[in-house]
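The structure under discussion appears below in the form of structure tokens.
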Amino acid sequence: MCLGVRSAGPTADDITAWLGVPAEHTSSVAARRWPHLWEWDSGLSPDAELEEHLVALLHRFHDRVDAVRELARRPDCEVAIEAVLHFDARDEDDSLPAMWVPPEVAAFAAACGIGLDIDAYLDHGTSPPSPRSATDG
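Take 3 as the starting number for the sequence shown in the numbering used here and just add one per residue.
So this is what it looks like as structure tokens:
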């Protein structure tokens, strides 16, 4: 779970300077559509609930709404709150995957002009677990 910036313009260092927060993960691969990647994870365990991750990101960036919005308005950047979730199809107590986005997180995303990019996978226990976790975004 992270706030992610994909950029065809500003580098990860530029984005860090813009937001005033050092990235926890960056990459730069010129051949990609978005050559520069900047991510700041929620800092919580991958086992934490989605709502907890979202609120943690909100608390970290609540005073940077203007900076996030300005970055999101750039045509050479894509900014989003990103998550990868895995649901166990064999769990009889939780047979219907559900997600909750607290109103304050939705308001934060709207104020910043960004979306929530949530990838959900239903695991059937037939293949080995993915090496990626919820914090990989």
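By construction, the Cβ of each residue, glycine as well, lies at the ideal position given by its N, Cα and C atoms.
Just so it is clear, the structure is predicted and the values come from calculations on it, not from any experiment.
Each residue's CA atom was taken as its position, placing Pro37 and Asp15 some 13 Å apart. In the three-state DSSP reduction, Glu41 falls in the strand class (E or B). By DSSP's assignment, Thr28 forms a beta bridge with Trp40. In this chain, Ala91 is not harboured by any alpha helix (DSSP H), its DSSP state being neither H nor E. Looking at Ala113, Cys114, Ala91 and Ala122, the one whose alpha-carbon comes closest to that of Trp102 is Ala122. Looking at the DSSP output, Cys79 shares a beta bridge with Ser9. For the 8 Å CB-CB criterion, Ile17 and Leu73 form a contact.
Per DSSP, the continuous alpha helix (DSSP H) segment holding Asp16 begins and ends at Ala14 to Leu21.
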